[in-house]
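Asks: Below you'll find the structure I mean.
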């Protein structure tokens, strides 16, 4: 089984295709994965590997480790472009996510006030007011919508909750407002006997209609970059991503950032 875990709560900095020099904050266990999706393309592997033994890092520990790292970077003349909530699962599942966001913003303002705070979230917790409020305080709330076709979304992202639907998440993303950045990963392949392809005309038309309803400030369009647990998935060529982006911009007027 594909398993590439971050074994630290604060990791990096690393170079992100989309965000630049990124200092990572992992609110999941350091030896396992906790996520409300079980995506076929997740670089951390499938959820079946288990949650590990370390548990979720306490709020106080996250703040202490983050401050230690930011102090060290300042002393060494390193500067992050962004502090990014990412890691071995879904950060908004942490019960103290809102408090950790407060701590992170305070520490950012103290040590690197020009750095942005970003959250890579899968949109499954947008029914929770505390999570929405915390995401609104981030500079970049990067919220997932991989497909606006229910069967494709369920096959590719594999949400844990049957209550999570394309219609509900589209409504929630629209309610989030113009501050949202919607991220969509395009890929194609198979899983078992099922074909997976969210790059077709039908898929793009459905996404465009969803984007029109959501009206985010930006769309991030990207494809797989590393080996995935479902090994049949294929990278979408840059020219296809660019063509899809042009089509989306023409239909919606929303800026699209392409990463390949």
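In our numbering, the protein residues as written are 835 to 1094.
Ideal Cβ placement from N, Cα and C applies to all residues, glycine included.
Keep in mind the model is a prediction, meaning the values are calculated, not measured.
(1) Can you tell me whether residue 1021 is buried or exposed, with buried defined as 16 or more other CB within 10 angstroms of its CB?
(2) Between residue 865 and residue 843, how many whole angstroms is the CB-CB distance? I'm expecting something under 8 Å.
(3) Mind checking residue 908: buried by the 16 CB within 10 Å criterion, or exposed?
(4) When DSSP builds the beta bridges, which residues end up paired with residue 1031?
(5) Tell me the DSSP secondary structure of residue 919 in three-state form.
(6) Do residue 1016 and residue 979 have their beta-carbon atoms positioned less than 9 Å apart in this structure?
(7) Go to residue 957, then tell me how far its alpha helix (DSSP H) extends in each direction, as first and last residue.
(8) Which of the three DSSP states is assigned to residue 906 in this structure?
(9) May I ask which residues mark the beginning and end of the beta strand (DSSP E) holding residue 855?
(10) For residue 915 versus residue 1007, is the C-beta distance shorter than 9 Å?
(11) Select from 1091, 1090 and 1067 the residue whose C-alpha is nearest the C-alpha of residue 877.
(12) Can you list, in chain order, the residues of its chain whose CB lies under 8 Å from that of residue 1052, leaving out five sequence neighbours each side?
(13) With a Cβ-Cβ cutoff of 9 Å, do residue 1002 and residue 961 count as a contact?
(14) Less than 6 Å between C-beta atoms, sequence neighbours within five positions excluded: which residues of the same chain meet that for residue 892?
(15) Please report the straight-line C-alpha distance between residue 897 and residue 1063, rounded to a whole angstrom.
(16) Taking all protein chains shown into account, do 16 or more other C-beta atoms lie within 10 angstroms of the C-beta of residue 963, making it buried, or fewer, making it exposed?
(17) With distance defined between alpha-carbon atoms, name the residue in 871, 1018 and 885 nearest to residue 1042.
(18) Unbroken alpha helix (DSSP H) runs of length 4 or more, entirely within the stretch 945–987: which are they?
(19) So what does DSSP say about residue 875, is it helix, strand or coil?
(20) Report the rounded CA-to-CA distance for residue 885 versus residue 1070, giving the unit in angstroms.
(21) So residue 1091 is in the beta strand (DSSP E); what residue range does that whole segment cover?
(22) Suppose the cutoff is 7 Å on Cβ atoms and the five residues either side in sequence are ignored; what does the same chain contact list for residue 881 look like?
(23) Where do the N-terminal and C-terminal ends of the alpha helix (DSSP H) with residue 850 fall, by residue?
(24) Please identify the residue among 850, 858, 913 and 921 whose C-alpha is closest to the C-alpha of residue 1099.
Replies: Working from what's here:
(1) The residue in question, residue 1021, is buried, as its Cβ has 16 or more Cβ neighbours within 10 Å.
(2) Not quite, the Cβ-Cβ distance comes to about 12 Å (not below 8 Å), so this is no contact.
(3) With fewer than 16 Cβ atoms within 10 Å of its Cβ, residue 908 is classed as exposed.
(4) Paired residue(s): 1022.
(5) Of the three classes helix, strand and coil, the one that applies to residue 919 here is strand, per DSSP.
(6) At a Cβ-Cβ threshold of 9 Å, residue 979 and residue 1016 count as neighbours.
(7) It is not in any alpha helix (DSSP H) - residue 957 carries neither H nor E in the DSSP assignment.
(8) Assignment of residue 906 by DSSP, reduced to helix, strand and coil, places it in the helix class.
(9) Segment 854–860, the beta strand (DSSP E) holding residue 855.
(10) Contact: no.
(11) If we check each option's Cα against that of residue 877, 1067 comes out closest.
(12) Excluding residues within five positions, the ones whose Cβ falls inside 8 Å are 1015, 1016, 1088, 1089, 1090 and 1091.
(13) Judged by beta-carbon spacing, residue 961 lies within the 9 Å limit of residue 1002, meaning their Cβ atoms are closer than that value.
(14) Counting only Cβ-Cβ distances below 6 Å, and skipping sequence neighbours, we find nothing.
(15) C-alpha of residue 897 to C-alpha of residue 1063: approximately 32 Å in a straight line.
(16) Classification of residue 963: exposed, given that the 10 Å Cβ count is below 16.
(17) Residue 1018 is the option with its Cα nearest to residue 1042.
(18) List check, alpha helix (DSSP H) in window: 963–971.
(19) DSSP, read as helix, strand or coil, puts residue 875 in coil.
(20) Cα to Cα, the separation comes out at about 31 Å.
(21) For residue 1091, the enclosing beta strand (DSSP E) begins and ends at 1090–1093.
(22) Only 867, 869 and 872 meet the Cβ criterion.
(23) Element bounds for residue 850: not the alpha helix (DSSP H) but the beta strand (DSSP E), 844–850.
(24) What is shown of the chain runs 835 to 1094, which leaves residue 1099 out entirely.
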